[in-house]
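Number of protein chains: 2
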Amino acid sequence: MTATRHIHLARRPKGVPVLDDFALVAADCPDAGEGEIQVAALIMSVDPYMRPRLDADQPLDVPLLGGGIGRVVQSRNPKFKEGDLVRHGAGFQELFVSSGRGVQVLNRDPALPLSVYMHALGGTGITAYGGLLETGALKDGEQVFVSTAAGAVGSVVAQIAKIKGCYVVGSTGAEDKAAWLRDEVGLDAVINYKAQPLAEALAAATPKGIDVYFENVGGGHLDAALPRMNVRGRIPVCGMISTYNGGGDGVRNLFSLIYGRIRMEGFVASDFGHLNAAFVDDMTGWLKSGQVKYQETVLEGFDRAPEGLIGLFSGANSGKMLIHIAD
Amino acid sequence: MTATRHIHLARRPKGVPVLDDFALVAADCPDAGEGEIQVAALIMSVDPYMRPRLDADQPLDVPLLGGGIGRVVQSRNPKFKEGDLVRHGAGFQELFVSSGRGVQVLNRDPALPLSVYMHALGGTGITAYGGLLETGALKDGEQVFVSTAAGAVGSVVAQIAKIKGCYVVGSTGAEDKAAWLRDEVGLDAVINYKAQPLAEALAAATPKGIDVYFENVGGGHLDAALPRMNVRGRIPVCGMISTYNGGGDGVRNLFSLIYGRIRMEGFVASDFGHLNAAFVDDMTGWLKSGQVKYQETVLEGFDRAPEGLIGLFSGANSGKMLIHIAD
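Those sequence lines, one after another, are chains U and G.
One rule links them: number in the numbering used here = place in the first sequence (from 1) + 1445.
One rule links them: number in the numbering used here = place in the second sequence (from 1) + 1445.
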């Protein structure tokens, strides 16, 4: 038995979550029993998709649902050995015991930092890859608009589209992120939607219209994109972060779907298991060659997970928001 | 040269069109020249899709764009003979001359009234057929919700879905239309959205969710349907009549698209030319057997076309709104 800590949802947030919606709770972790492993958390991920769950699916007073990378510290399960790096979905626990279900050994490429397996080579990466190439059915050279293009998903979407020879416009809400997208990533146009009227800026930035709008935001972003969509355009719907905390305007331009024969379609990362081998090959190569760049915002310390999650909704992150616990 | 009449758009409507937005204009129609035909209008169609055009695509002071059925009264074109019934897209003219482009001879089944070629066997019919079966990818036995189910498109959609063994819920805005859908058409549930709170009524009427929502309305209808959609559900988007005159609420529940992997997709009748032969065979059979029933609201007299078009937005029509000019 070892002392450890959990993060619980203490009460359901009203609107944007606040720190008091969460609780840091002391707990005991048993040793691994027969067939079990004990895992120490190294890195945890906070993601926008976690917000809607706080209203319903996430039980109160149990570890917050979520995924991370850990190291096996005890193994009585033949599939794992002590020291293995693993991906897990065990939620926000510093130390935990598992039967091994839902835990996968991580085959890390030693040339890449471990943290990329939490974004470009992790859930946000395959979300971007599958959402753009499969749901969005991107064709080489098309006109692409990516919302929250400096975010963990958006930045990978934008760079895959560039690799595919597309004209790529990205939106972001801060000047430093806009500069990164323009100067480091090399997008064709970048819109700071907090500094410019989005609809006008998007119209000016998309003289050939939009074939694929990768939707992370909803609301005003969708209303700005819809009238710019080309015939038979596609809107893969990955997220609608502007709507997660309530409020915001409803969407008024859906009429554009009709004459444009636009397809809007939702998806989640787990839809793309069949793409995983191709994704890992492609993305490992793109990261090593520098064709896919990334930013990370890393908060140090297990107890800062609520702060990290809350920060997503004010754009406190540049790129992937991570919680670092141990090496 | 023969005296005739046209209906023009005199000015762009603000919100719901009013009679003064249109003008009845005297004109002269020349005789058919070499290679031409002269056609007398018999029936004309007014349709919701015409409203958005009044804001932009429809020029002022020329015949209102639209389609109808006419009879060839002069022919100097070998593809047509005098007396032929034809479909045309020549717009709102009592008598007109055409090169024959965009004019097709109508092969009428003598057992059916001519007017059905303006709806169930016309543009609204193939819109319903293609939108439901191809864009909506309907499978036998699915759960279906149809908005404006007593309308020209909706009533055909609802009945095709019944023929395909589906559970079908329809919405309409008047009690007489609801009674027709319940008692004559035999839908599984009918919601009068002006008499009941739509979202609650739809939830109660769809205990197994919705696999296909056939969208004619937008706004509150879409917001009510989205949370009821089953995983991998489809929303073929035919129209959004609630939005055509401005106003109305924006759509707030699009987030449901994501986890449901819902597909929304727009279409127009002309997408389904490849289905036309199958459509005519199927629909002719369904009409003759009584499996597809219909209602018509027929206004007598060429000059009443503006009244008919305006009436669509208050639900003045039961089923297809037609303007009858001559037999």
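Quick reminder that beta carbons are idealized off the backbone N, C-alpha and C, glycines included.
Owing to the predicted nature of the structure, the values given are computational and were not obtained by experimental measurement.
Residues that residue i bridges to, as DSSP identifies them
i               : result
V1799 (chain G) : The requested residue 1799 (chain G) does not occur in the structure, where chain G is confined to residues 1446 to 1772.
F1541 (chain U) : U:V1484
D1473 (chain G) : G:A1448
A1468 (chain G) : G:H1453
G1576 (chain U) : Bridge partners of G1576 (chain U): none, in fact.
V1550 (chain G) : G:V1531
E1660 (chain G) : G:V1682
E1710 (chain U) : U:P1681 and G:R1708
G1513 (chain U) : U:M1489 and U:H1533
P1555 (chain U) : DSSP output for P1555 (chain U) lists no bridge partner at all.
P1508 (chain U) : U:H1453
I1655 (chain G) : G:M1674
S1520 (chain G) : G:I1482
V1696 (chain G) : U:V1696
Under 8 Å between C-beta atoms of residue i and residue j
i               : j               : result
V1517 (chain U) : I1482 (chain U) : yes
A1493 (chain U) : G1684 (chain U) : For the record, residue 1493 (chain U) in the displayed sequence is Pro; it is not Ala. Their beta carbons are under 8 Å apart, which means P1493 (chain U) touches G1684 (chain U) by this criterion.
L1583 (chain G) : K1609 (chain G) : yes
G1596 (chain U) : L1699 (chain G) : no
V1550 (chain G) : V1531 (chain G) : yes
T1651 (chain U) : F1724 (chain U) : no
G1764 (chain G) : T1742 (chain G) : yes
F1541 (chain G) : A1750 (chain G) : no
S1592 (chain G) : V1630 (chain G) : no
N1762 (chain G) : I1571 (chain G) : no
H1533 (chain U) : V1484 (chain U) : yes
L1566 (chain U) : A1594 (chain U) : no
A1773 (chain U) : F1467 (chain U) : Look at the range of chain U in this structure, 1446 to 1772, and you will see that residue 1773 (chain U) is not part of it.
V1682 (chain G) : G1695 (chain U) : no
R1673 (chain U) : G1711 (chain G) : no
L1754 (chain G) : M1495 (chain G) : yes
G1515 (chain G) : Q1588 (chain G) : no
V1598 (chain G) : A1624 (chain G) : no
G1586 (chain G) : C1611 (chain G) : yes
Sequence-distant residues of the same chain with beta carbon closer than 7 Å to residue i, five excluded per side
i               : result
N1522 (chain U) : G1480, E1481, I1482 and G1545
D1716 (chain U) : G1575
L1757 (chain U) : V1491, P1493 and M1766
E1745 (chain U) : H1769
G1760 (chain G) : G1618 and A1619
K1622 (chain U) : A1595 and S1763
Residue range of the alpha helix (DSSP H) that includes residue i
i               : result
N1675 (chain U) : Careful: N1675 (chain U) lies outside any alpha helix (DSSP H), inside the beta strand (DSSP E) at M1674 to V1682.
M1495 (chain G) : M1495 to R1498
V1598 (chain U) : A1597 to I1608
I1770 (chain U) : Taken as a continuous stretch (DSSP letters only), I1770 (chain U) belongs to no alpha helix (DSSP H), as it is neither H nor E.
W1731 (chain G) : N1721 to S1734
E1645 (chain U) : L1643 to A1650
A1624 (chain U) : E1620 to A1624
G1756 (chain G) : A1750 to G1756
Proximal residues to residue i (C-beta, below 6 Å), its chain only, five neighbours per side dropped
i               : result
E1539 (chain U) : T1449, R1450, A1486 and F1747
L1702 (chain U) : none
G1512 (chain G) : S1490 and G1534
D1529 (chain G) : V1517 and V1550
Q1503 (chain G) : L1454 and L1510
V1613 (chain G) : V1589, A1603, A1606, K1607, L1632 and D1633
Y1739 (chain G) : A1565 and G1764
G1568 (chain G) : A1714
Delimiting residues of the beta strand (DSSP E) encompassing residue i
i               : result
L1744 (chain U) : E1741 to E1745
K1639 (chain G) : Careful: K1639 (chain G) lies outside any beta strand (DSSP E) and carries neither H nor E.
Residue-level contact to chain B via CB, residue i, 8 Å cutoff
i               : result
Y1704 (chain U) : This model lacks chain B altogether; the protein chains it does include are U and G.
Beta-carbon contacts of residue i that lie in its chain and below 8 Å, excluding the five residues immediately before and after
i               : result
R1498 (chain G) : L1510
A1646 (chain U) : I1636 and Y1638
S1687 (chain G) : V1662, G1663, G1664, G1665, H1666 and G1693
E1660 (chain G) : S1592, H1666, L1667, A1670, I1680, P1681, V1682, C1683, G1684, M1685 and M1709
Distance cut-off 7 Å: residue i Cβ against heavy atoms of the ligand MG
i               : result
N1762 (chain U) : Looking at this structure, you won't find the ligand MG or any other ligand, since it has none at all.
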